[in-house]
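Please read the structure below before turning to the comments.
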Amino acid sequence: MSAAEAAAVAVPAVRPAARAEARPYASPYLAGVGLGLVLLAAYAVVGRGLGASGAFSSVAAAGVASVAPAYAAANPATAEYLGAGGPLRDWLVIEIAGVLLGGFASAWLAGRLGGATERGPRIGAGARLAYAAGGGVAMGIGAKLARGCTSGQALTGGALLSVGSWIFIAAAFAAAYAAAPLFRREWT
Amino acid sequence: MILPLISAEAESGGAGLGVALVLGVAFGFALERAGLGSARKLAGQFYGRDLTVLKVMFSAIVTAALGVFWLSRLGFLDASQVYVPPTFLLPQAVGGAVFGVGLVAAGLCPGTSCVAVATGRRDGLAVVGGMLLGVLLFAAAFPLLAGFYGSTPRGTVTLPGLLHLSPAVATAALVAMALGMFAAAERWERRARAGGAS
């Protein structure tokens, strides 16, 4: 068998095997308890919970400050995020750097790296990416208004039984269910 | 009371940032293990196919709430030193609703979009880009939004404080509610599978 023939045999044999190696996800209850223990460790060690949208605010504020420092310092929405040490001294930015590392490590160990753009069978990849970006814009605005997202409000404030956090959870779930029929084409 | 170990003022010090990195790694690991780096799996919550979001979120909330309750009760944790996000009734209701619409369109939340990016998904990157744009739009519109943003402030207020419940009763009620939701979710998923619902 020539090298070319060997490669032709080997390639299809390797591809499905690599796919089959992707392990199933953990039990949601087990993963949830693990996530809860991480949140508890955050309360117990640093006296604060987890977050995500705040890291986006810090990075965005640093970006604005690099092109328009006077504007960034004068606008309360960005000035709040301009700490003395810059975004690399920001607790949530470092935490999110950890999320990237941890998410990568978990997917790598489970053979789940390199997933395609996720979408239903009735929508093209370009349209799906547009919906994803548009959803991101809405979440950015919503999280700013609510002073937190699924991490900083729902998980962190939820477990501390904060009234505003439970209002956020109820409003977010209700709106997501109400809007779901509008986006059905994207997923099913 | 030995906990919290580090005061909130020291969180940006070297030790605080080291803790941030370690906790972030564990956070991202747990989200990926649950499958929440997958937009289709996450969106399944809102089409009755896959209630993973609800199960993961409420398992985490109950675990952390029970941990806070017992660490305080046993005298290890001074719960008054744990930062509770302040309540602003209307901004959090409206912000939550806007966020929810974005969530079902994106199929990822801000945290899980980072996991999706880390695992190589382009839709995760689109959500991250959108989030940054949304945050910038909010900042640009802040002069118009500032009044609403600061409206209906209620300070730090918790459900047990509002309803005059002891922490024990409130935590027990939370656990009971979560267990009820888990039982309903399992029944719902079994029925959806049996009915062949999409």
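Protein sequence lines, in the order shown, are assigned to chains Z and C.
Numbering-wise, the numbering used here puts 100 at position 100 of the first sequence, and it's gapless, one number per residue.
Numbering-wise, the numbering used here puts 1196 at position 196 of the second sequence, and it's gapless, one number per residue.
By construction, the Cβ of each residue, glycine as well, lies at the ideal position given by its N, Cα and C atoms.
For Pro-1153 (chain C), report the span of its beta strand (DSSP E) as first-last. Here the question's residue 1153 (chain C) lines up with position 153 in the second sequence. Unbroken beta strand (DSSP E) run through Pro-1153 (chain C): 1153–1155.
Taking Ile-169 (chain Z) as part of the alpha helix (DSSP H), name the residues at either end of that continuous run. Within the first sequence, residue 169 (chain Z) is the residue found at index 169, counting from 1. Its alpha helix (DSSP H) spans residues 163–179.
Residues bridged to Phe-1088 (chain C) [DSSP beta-bridge criterion]: The sequence position of residue 1088 (chain C) within the second sequence is 88, counting from 1. Answer is C:Pro-1153, bridged to Phe-1088 (chain C).
Contact with chain C by Pro-121 (chain Z), beta-carbon distance below 8 Å: Along the first sequence, read from residue 1 onward, the residue named residue 121 (chain Z) stands at position 121. No, because no Cβ of chain C sits closer than 8 Å to the Cβ of Pro-121 (chain Z).
Using 8 Å for Cβ pairs, my map puts Leu-50 (chain Z) next to Val-1056 (chain C). What's the rounded Cβ distance? The count along the first sequence starts at 1 and reaches residue 50 (chain Z) at position 50. The count along the second sequence starts at 1 and reaches residue 1056 (chain C) at position 56. Not a contact, Cβ separation roughly 13 Å.
When you check each C-beta in the stretch 145–164 of chain Z against every C-beta of chain C, which residues fall closer than 8 Å? Leu-145, Ala-146, Arg-147, Gly-148, Cys-149, Thr-150, Ser-151, Gly-152, Gln-153, Ala-154, Leu-155, Thr-156, Gly-157, Gly-158, Ala-159, Leu-160, Leu-161, Ser-162, Val-163 and Gly-164
Show which residues of chain Z have a CB atom less than 9 Å away from the CB atom of Glu-1011 (chain C). For the purposes of this step, residue 1011 (chain C) is identified with residue 11 of the second sequence, where counting begins at 1. Val-46, Gly-47, Arg-48 and Trp-91, listed in chain order.
Alpha helix (DSSP H) containing Ser-57 (chain Z): first to last residue? Position 57 of the first sequence, counted from the start, is the residue given in the question as residue 57 (chain Z). Per DSSP, the continuous alpha helix (DSSP H) segment holding Ser-57 (chain Z) begins and ends at 53–67.
Residues in its own chain within less than 7 Å of Glu-186 (chain Z) by CB, not counting five upstream and five downstream? Mapped onto the first sequence, residue 186 (chain Z) falls at position 186. Result list for Glu-186 (chain Z): Arg-119, Gly-120, Ile-123, Arg-128 and Tyr-131, in chain order.
Which word fits Leu-88 (chain Z), buried or exposed, when buried means at least 16 other C-beta atoms lie within 10 angstroms of its C-beta? In the first sequence, counting from the first residue as 1, residue 88 (chain Z) sits at position 88. Around the beta carbon of Leu-88 (chain Z), fewer than 16 other beta carbons sit within 10 angstroms, so the residue counts as exposed.
Go ahead and label Gly-1044 (chain C) buried or exposed: buried means 16 or more other beta carbons lie within 10 angstroms of its beta carbon, across all protein chains shown. As a first step, residue 1044 (chain C) must be located in the second sequence, where it is residue number 44. It counts as buried.
Check the C-beta distance from Thr-1063 (chain C) over to Val-33 (chain Z) and give it rounded, since I have them as a contact under 8 Å. One-based indexing of the second sequence puts residue 1063 (chain C) at position 63. One-based indexing of the first sequence puts residue 33 (chain Z) at position 33. Contact holds; Cβ gap of about 5 Å.
Beta-carbon neighbours of Pro-76 (chain Z), restricted to chain C and to distances below 8 Å: Counting from one through the first sequence, the residue named residue 76 (chain Z) turns up at place 76. In chain order: Phe-1142 and Ala-1146.
Apart from the five residues on each side of it in sequence, which residues of its chain come closer than 8 Å, Cβ to Cβ, to Ala-7 (chain Z)? Indexing the first sequence from 1 puts residue 7 (chain Z) at position 7. At Ala-7 (chain Z), the pLDDT of 47 sits below 50, so the modelled position is not reliable; the number obtained from the coordinates is stated separately. Within the same chain, no Cβ atom closer than 8 Å to the Cβ of Ala-7 (chain Z) is found once the five residues on either side in sequence are excluded.
Beta-carbon separation of Ala-107 (chain Z) and Leu-113 (chain Z) under 8 Å? Looking up residue 107 (chain Z) in the first sequence gives position 107. Looking up residue 113 (chain Z) in the first sequence gives position 113. Yes, Cβ-Cβ distance for Ala-107 (chain Z) and Leu-113 (chain Z) is below 8 Å.
Residues bridged to Leu-1003 (chain C) (per DSSP): The residue you call residue 1003 (chain C) lines up with position 3 of the second sequence. In the DSSP output, where bridge partners are listed per residue, Leu-1003 (chain C) has C:Leu-1077.
Please confirm if Phe-1027 (chain C) has its CB atom under 8 Å from at least one CB of chain Z. One-based indexing of the second sequence puts residue 1027 (chain C) at position 27. So, interface residue.
I'd like the list of long-range same chain contacts for Ala-1010 (chain C), defined as Cβ closer than 6 Å, with 5 residues on each side in sequence excluded. Position 10 of the second sequence, counted from the first residue, corresponds to residue 1010 (chain C). Cβ neighbours of Ala-1010 (chain C) beyond the five flanking positions: Gly-1016.
Among the residues of its own chain, which have a CB less than 6 Å from the CB of Ser-57 (chain Z), if the five just before and after it don't count? Residue 57 (chain Z) sits at position 57 when you count from the first residue of the first sequence. Taken in chain order, the residues that qualify are Tyr-81.
Does the stretch 1115–1126 of chain C come into contact with the stretch 53–73 of chain Z, if we say contact requires no fewer than three beta-carbon pairs (one atom in each stretch) closer than 8 Å? no
With a cut-off of 8 Å, do at least 3 Cβ pairs link the stretch 162–178 of chain Z to the stretch 1133–1147 of chain C? Taking 8 Å as the limit for Cβ pairs, the verdict is that the stretch 1133–1147 of chain C does not touch the stretch 162–178 of chain Z.
Residues in its own chain within less than 6 Å of Cys-149 (chain Z) by CB, not counting five upstream and five downstream? On the first sequence, position 149 is the one that residue 149 (chain Z) refers to. Excluding positions up to five away in sequence, the list reads Ala-52, Ser-53 and Ala-143.
Determine the chain C residues that contact Arg-185 (chain Z) at a beta-carbon separation under 7 Å, and present them in chain order. Here residue 185 (chain Z) refers to the residue found at position 185 when the first sequence is read from its first residue. Result: empty, since nearest Cβ-Cβ is about 11 Å, beyond 7 Å.
What does a CB cutoff of less than 7 Å around Gly-1075 (chain C) pick up in its chain, not counting 5 residues either side in sequence? On the second sequence, position 75 is the one that residue 1075 (chain C) refers to. Within the same chain, Gly-1075 (chain C) has close Cβ partners Met-1001.
Pairwise C-alpha distance: Gly-1124 (chain C) and Leu-1021 (chain C): In the second sequence, counting from the first residue as 1, residue 1021 (chain C) sits at position 21. In the second sequence, counting from the first residue as 1, residue 1124 (chain C) sits at position 124. Spanning the alpha carbons of Leu-1021 (chain C) and Gly-1124 (chain C) requires a straight line of approximately 21 Å.
Would you say Gly-103 (chain Z) reaches chain C, if we count a Cβ-Cβ gap shorter than 8 Å as a contact? The residue you call residue 103 (chain Z) lines up with position 103 of the first sequence. Yes, Gly-103 (chain Z) counts as interfacial toward chain C.
Please classify Val-67 (chain Z) as buried or exposed, where buried requires at least 16 neighbouring CB atoms within 10 angstroms. Counted from its first residue, the first sequence places residue 67 (chain Z) at position 67. Around the beta-carbon of Val-67 (chain Z), fewer than 16 other beta-carbon atoms lie within 10 Å, marking it exposed.
Reduced DSSP category for Thr-117 (chain Z) - H, G, I as helix; E, B as strand; rest coil: In the first sequence, counting from the first residue as 1, residue 117 (chain Z) sits at position 117. In this structure, Thr-117 (chain Z) counts as coil in the three-state DSSP scheme.
In chain C, which residues lie less than 8 Å from Val-64 (chain Z) when you measure between Cβ atoms? Sequence index remark: in the first sequence, residue 64 (chain Z) carries index 64 (1-based). Result: Leu-1136 and Ala-1139.
With a cut-off of 8 Å, does the C-beta of Ala-1184 (chain C) fall near any C-beta of chain Z? For the purposes of this step, residue 1184 (chain C) is taken as residue 184 along the second sequence, with counting starting at 1. At a cut-off of 8 Å between C-beta atoms, Ala-1184 (chain C) does not count as an interface residue with respect to chain Z.
For the stretch 1098–1131 of chain C, which segments carrying the alpha helix (DSSP H) assignment without a break, of at least 4 residues, lie completely within its bounds, in sequence order? 1110–1118
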